[in-house]
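Peer 1: Below you will find the structure I want to go over with you.
Numbering (UniProt numbering), first residue to last: 1 to 363.
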């Protein structure tokens with residue numbers, strides 16, 4: 001099915017480097033270290049290499065490092081994104097950092113017994129959306145509340161910690177959240193980051209995933225033909241029916257064949273292969289795309305054959321980064337690549353890590 005083989009050893013070495021001495025180009029990403037940890041730990045687990053790369057002692061050290069980002073006060077608890085620049089108090093707690101920390105800890109097979117989260121309720125606003133930081137007077141930004149990404153992040157956190165939808169409904173205002181998300185859907189079926197924004201495949205995943213976290217039966221988006229149509233048309237394909245576009249459209253590139261873009265007239269991008277496939281998978285509609293073509297785009301186009309990992313696009317001058325390197329593997333997992341472990345698309349966790357989470361007693 002896939003012409004170019006998955007260079008497993010290269011990918012393992014790539015993510016080992018990300019987790020060890022970060023390349024110079026990522027040193028400015030200090031506030032994103034928990035995200036990088038999540039991307040690379042999950043990648044190694046998908047490749048069945050985490051226990052080979054790290055000893056039990058090293059994994060325990062990684063676990064302790066993540067917990068150093070945990071901030072607990074009398075009223076709140078959560079994780080901060082940096083140990084270097086931010087004050088170690090509740091104003092530095094972020095939902096994004098908390099989500100990445102929890103996902104990383106689950107991959108490391110931690111039991112989460114040290115995690116007590118009392119922050120999610122305070123991050124929900126009156127309109128049903130969520131902010132990334134506590135909604136206290138000195139941190140709250142009204143514009144921040146309109147970002148759909150934080151709805152997905154918040155619902156992921158609360159699902160990981162509470163598990164059942166009944167408990168979730170007692171903790172956050174589910175109905176206002178559903179209304180908030182519904183109001184971000186556009187006429188083409190897609191979702192924008194904020195009200196009035198252009199539809200975007202990444203935001204569609206955020207909407208679909210957030211709704212899946214708070215629902216037991218996918219009732220909020222099932223049979224939404226416009227949404228599915230928007231997602232399916234994110235796959236790029238040039239053939240005899242539209243080949244003239246290659247010479248008339250400056251954005252058209254034959255190297256993008258089989259790939260996915262986030263919006264109309266954009267280049268094929270590794271991450272959008274995942275965001276689109278994952279959203280379709282949650283909706284049980286991923287059979288509607290050309291999986292063979294998608295696999296060829298990843299393995300023949302964006303896989304970095306020298307360093308391992310995946311580039312953002314099929315431009316060979318690019319370098320792999322943790323985000324695209326993880327999502328490339330995660331997309332191959334959805335596509336059924338035999339060398340990549342299964343991924344749970346709702347939690348964006350390796351299936352082995354998801355099963356560990358299911359075994360935990362969270363009471």
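No residue lacks a Cβ here, since even glycine has one placed at the ideal position from N, Cα and C.
(1) May I ask which residues mark the beginning and end of the beta strand (DSSP E) holding residue 78?
(2) So, with DSSP's three-state summary, where would you put residue 71?
(3) Can you say whether residue 150 is buried or exposed, counting buried as having 16 or more other CB atoms within 10 angstroms of its CB?
(4) Which residue comes first and which comes last in the alpha helix (DSSP H) that contains residue 281?
(5) Return helix, strand or coil for residue 257, following the three-state DSSP convention.
(6) Select from 275, 204, 48 and 109 the residue whose C-alpha is nearest the C-alpha of residue 339.
(7) Check whether the segment 113–128 and the segment 163–177 are in contact - that is, three or more C-beta pairs closer than 8 Å.
(8) At what residue ranges does the segment 86–164 contain a whole run of the alpha helix (DSSP H), taking only runs of 4 or more?
(9) Evaluate contact between the segment 273–292 and the segment 239–255, counting only Cβ atoms and requiring at least three cross-stretch pairs below 8 Å.
(10) Using the beta-carbon count (16 or more within 10 Å), is residue 355 buried or exposed?
(11) Cβ of residue 43 within 8 Å of Cβ of residue 10?
(12) Out of curiosity, what's the CA-to-CA distance linking residue 300 and residue 251?
(13) Quick test of the definition: if touching needs 3 or more C-beta pairs under 8 Å, does the segment 285–295 touch the segment 223–239?
(14) Looking at the structure shown, is residue 298 part of a helix, part of a strand, or coil, going by DSSP?
(15) Sorted by chain position, which residues of the same chain lie with C-beta nearer than 8 Å to residue 228's C-beta, five sequence neighbours on each side aside?
(16) Measure the C-alpha to C-alpha separation of residue 178 and residue 163 and round it to an integer number of angstroms.
(17) Quick one: give me the first and last residue of the alpha helix (DSSP H) that residue 45 is part of.
(18) State the Cα-Cα distance for the pair residue 309 and residue 98, rounded to the nearest angstrom.
(19) Report the partner residues of residue 350 according to the DSSP bridge assignment.
(20) With a CB to CB cut of under 8 Å and the five nearest residues on each side skipped, what residues in its chain are close to residue 95?
(21) Name, in chain order, the residues that DSSP records as bridge partners for residue 310.
(22) Determine the direct distance from the alpha carbon of residue 243 to that of residue 100, and round the result to whole angstroms.
(23) Could you spell out where the alpha helix (DSSP H) holding residue 244 opens and where it closes?
(24) Exposed or buried, residue 345, counting other C-beta atoms within 10 Å across all chains shown (16 or more means buried)?
(25) Is it buried or exposed for residue 334, if we count other Cβ within 10 angstroms and need 16 for buried?
(26) To the nearest angstrom, how far is it from the Cα of residue 113 to the Cα of residue 69?
(27) Taking 7 Å as the cut-off, is the CB of residue 305 close to at least one heavy atom of the ligand FMN?
(28) Considering only the beta carbon of each residue, do residue 271 and residue 323 sit closer than 8 Å?
(29) Assuming contact is defined by CB atoms lying nearer than 8 Å, are residue 41 and residue 107 in contact in what I supplied?
(30) What residue range is occupied by the uninterrupted alpha helix (DSSP H) comprising residue 50?
(31) Would residue 303 be called buried (16 or more neighbouring beta carbons within 10 Å of its own) or exposed?
(32) What is the residue span of the alpha helix (DSSP H) that residue 213 lies within?
(33) Output yes or no for whether 8 Å exceeds the beta carbon distance between residue 259 and residue 273.
(34) Just the C-alpha distance for residue 71 and residue 46, rounded to the nearest angstrom, thanks.
(35) Could you give the DSSP three-state label for residue 357: helix, strand or coil?
(36) Return the CA-CA distance between residue 103 and residue 240, expressed in angstroms with no decimal places.
Peer 2: Based on what the coordinates show:
(1) First-last of the beta strand (DSSP E) with residue 78: 77–79.
(2) If DSSP states are grouped into helix, strand and coil, residue 71 belongs with the strands.
(3) So residue 150 ends up on the buried side.
(4) Unbroken alpha helix (DSSP H) run through residue 281: 270–282.
(5) Three-state result, residue 257: coil.
(6) Minimum Cα distance to residue 339 is reached at 48.
(7) Counting Cβ pairs under 8 Å, three or more are found: they touch.
(8) If we require 4 residues or more, the alpha helix (DSSP H) runs fully inside the segment 86–164 come out as 95–107, 120–123 and 148–162.
(9) Contact between the segment 273–292 and the segment 239–255 is not established, with fewer than three Cβ pairs separated by less than 8 Å.
(10) That one is exposed.
(11) No, they are not a contact pair.
(12) Approximately 20 Å, taken between the alpha carbons.
(13) Contact between the segment 285–295 and the segment 223–239 is present: three or more C-beta pairs spanning the two stretches fall below 8 Å.
(14) Three-state DSSP puts residue 298 in a helix.
(15) Cβ neighbours of residue 228 beyond the five flanking positions: 189, 280, 283, 285 and 288.
(16) Distance between the alpha carbons of residue 178 and residue 163: 18 Å.
(17) Here the alpha helix (DSSP H) through residue 45 covers 33–46.
(18) One C-alpha to the other measures close to 25 Å.
(19) Partner(s): 343.
(20) Same-chain partners within the cutoff: 78, 119, 120, 123, 130, 131, 132, 133, 150, 153, 154 and 157.
(21) Residue 310 is bridged by DSSP to 303.
(22) Residue 100 and residue 243 have their C-alpha atoms spaced approximately 42 Å apart.
(23) For residue 244, there is no enclosing alpha helix (DSSP H), as DSSP gives it neither H nor E.
(24) Buried.
(25) A residue is called buried once 16 or more other Cβ atoms fall within 10 Å of its Cβ, and residue 334 is buried on that count.
(26) If you draw a straight line from the Cα of residue 113 to the Cα of residue 69, it comes to about 15 Å.
(27) As presented, the structure is devoid of all ligands, the ligand FMN included, so that no description of it is given.
(28) A Cβ-Cβ contact shorter than 8 Å links residue 271 with residue 323.
(29) Their beta carbons are under 8 Å apart, which means residue 41 touches residue 107 by this criterion.
(30) Its alpha helix (DSSP H) spans residues 50–53.
(31) Taking all protein chains shown into account, residue 303 has 16 or more neighbouring C-beta atoms within 10 Å of its C-beta and is therefore buried.
(32) In the DSSP annotation of this structure, the continuous segment of the alpha helix (DSSP H) that includes residue 213 starts and ends at 201–213.
(33) Yes, Cβ-Cβ distance for residue 259 and residue 273 is below 8 Å.
(34) Taking the straight line joining both Cα atoms gives about 30 Å.
(35) Looking at residue 357 - three-state DSSP - the assignment turns out to be helix.
(36) Approximately 45 Å, taken between the alpha carbons.
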